[in-house]
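Let me begin by presenting the structure, written as structure tokens, before commenting on it.
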Amino acid sequence: AQKVTQAQTEISVVEKEDVTLDCVYETRDTTYYLFWYKQPPSGELVFLIRRNSFDEQNEISGRYSWNFQKSTSSFNFTITASQVVDSAVYFCALSEASNYGQNFVFGPGTRLSVLP
Amino acid sequence: EAQVTQNPRYLITVTGKKLTVTCSQNMNHEYMSWYRQDPGLGLRQIYYSMNVEVTDKGDVPEGYKVSRKEKRNFPLILESPSPNQTSLYFCASSLLPPGAGGKLFFGEGSRLTVL
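Protein sequences appear in the order of chains A and B. At position 59 of the first sequence the residue is numbered 59 (this note's numbering), and the sequence of numbers has no breaks. Count along the second sequence starting at 1, add 1000, and that's the number in this note's numbering.
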């Protein structure tokens, strides 16, 4: 069964620090997709990135970067020079090709607090 | 503007009083889904729909019903709400199903309290 673990329940950093949010997943599929979503205090869910299982290239988008490692089943998310506006709950999620319609499985989330 | 719209955003009700949370999307997406979010549990799928008149259970369907009579609408029905259904509910849609890499667009959430 597919599963997503985000071991860090809460993280607090001071503004301008770098922070990495961990995501470890379990799947038996060879074709799957990994996602990160952000949930700011206002409550909406904002898409950040999608990565398929065949693309292990790391991705950088501004201050955000993602490290996908199939060997360790991890898809970690790093924020460089964090800002107060980065304070949110971040969810990692997994979908499997064999579970075509069902189950976009979310991890429990990591609450990030960036202090001024 | 592309969006998923849920109503109501906030609702307090009493045990057993039927209620419906509406969800509408304007992106012509075929796939729609409902999730509930509870502290420490992340988001769990309640029901999903691959297309009009095609619905199926997710992980936590007990106590809920859905219908998909039109492509844009996917209401969530609580026939007899109970306090354990107090939660934050999200509707989502995507062009492709999750297993095909579909990226979910979420509504703003509906916070439901059942007394």
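Ideal Cβ placement from N, Cα and C applies to all residues, glycine included. Nothing here was measured: the structure is a model prediction, and the numbers come from that model.
In the pairwise beta carbon analysis, the stretch 60-71 of chain A is classified as not touching the stretch 1005-1014 of chain B: fewer than three pairs are separated by under 8 Å. Put simply, the stretch 86-105 of chain A touches the stretch 29-36 of chain A. At least three CB pairs are less than 8 Å apart.
In the DSSP assignment, residue 1094 (chain B) falls within the unbroken beta strand (DSSP E) covering 1087-1094. Rounded to the nearest whole angstrom, the CA to CA distance from residue 54 (chain A) to residue 2 (chain A) is 17 Å.
Neighbours of residue 1112 (chain B) in chain A, taken as residues at a C-beta separation under 8 Å, are lacking, since the least C-beta distance is about 13 Å. CA-CA distance, residue 109 (chain A) to residue 1018 (chain B), rounds to 31 Å. A check of alpha carbon separations from residue 1001 (chain B) across B:1094, B:1015, B:1026 identifies B:1026 as the nearest. If you draw a straight line from the Cα of residue 85 (chain A) to the Cα of residue 40 (chain A), it comes to about 8 Å. Nearest in C-alpha terms to residue 1042 (chain B), of all of A:9, A:26, A:82, is A:9. If you draw a 10 Å sphere on the C-beta of residue 1037 (chain B), you find 16 or more other C-beta atoms in it, and that means buried. Residue 65 (chain A) and residue 1014 (chain B) have their C-alpha atoms roughly 45 Å apart. In the structure shown, the three-state DSSP call for residue 84 (chain A) is helix.
When B:1082, B:1102, B:1052, B:1091 are compared, the shortest CA-CA separation from residue 43 (chain A) is found for B:1091. The count of Cβ pairs closer than 8 Å, one atom from the stretch 13-28 of chain A and one from the stretch 73-85 of chain A, reaches three, so the stretches are in contact. Using a 10 angstroms sphere on the CB of residue 1046 (chain B), the tally of other CB atoms reaches 16 or more, which defines it as buried. DSSP lists B:1006 as the bridge partner or partners of residue 1023 (chain B). Between residue 1052 (chain B) and residue 1085 (chain B), the C-beta gap is not smaller than 8 Å, which leaves the two residues out of contact. Listed along chain B are 1040, 1041, 1042, each with a C-beta nearer than 7 Å to that of residue 108 (chain A). Residue environment for residue 7 (chain A): exposed (fewer than 16 other C-beta atoms within 10 angstroms of its C-beta).
In the three-state reduction of the DSSP assignment, residue 110 (chain A) falls in the strand class, which pools E and B.
Chain A has no Cβ within less than 8 Å of the Cβ of residue 1074 (chain B). Secondary-structure assignment with DSSP links residue 1032 (chain B) through a beta bridge to B:1049, B:1093.
When Cβ-Cβ separations below 8 Å define contact, residue 52 (chain A) makes contact with chain B.
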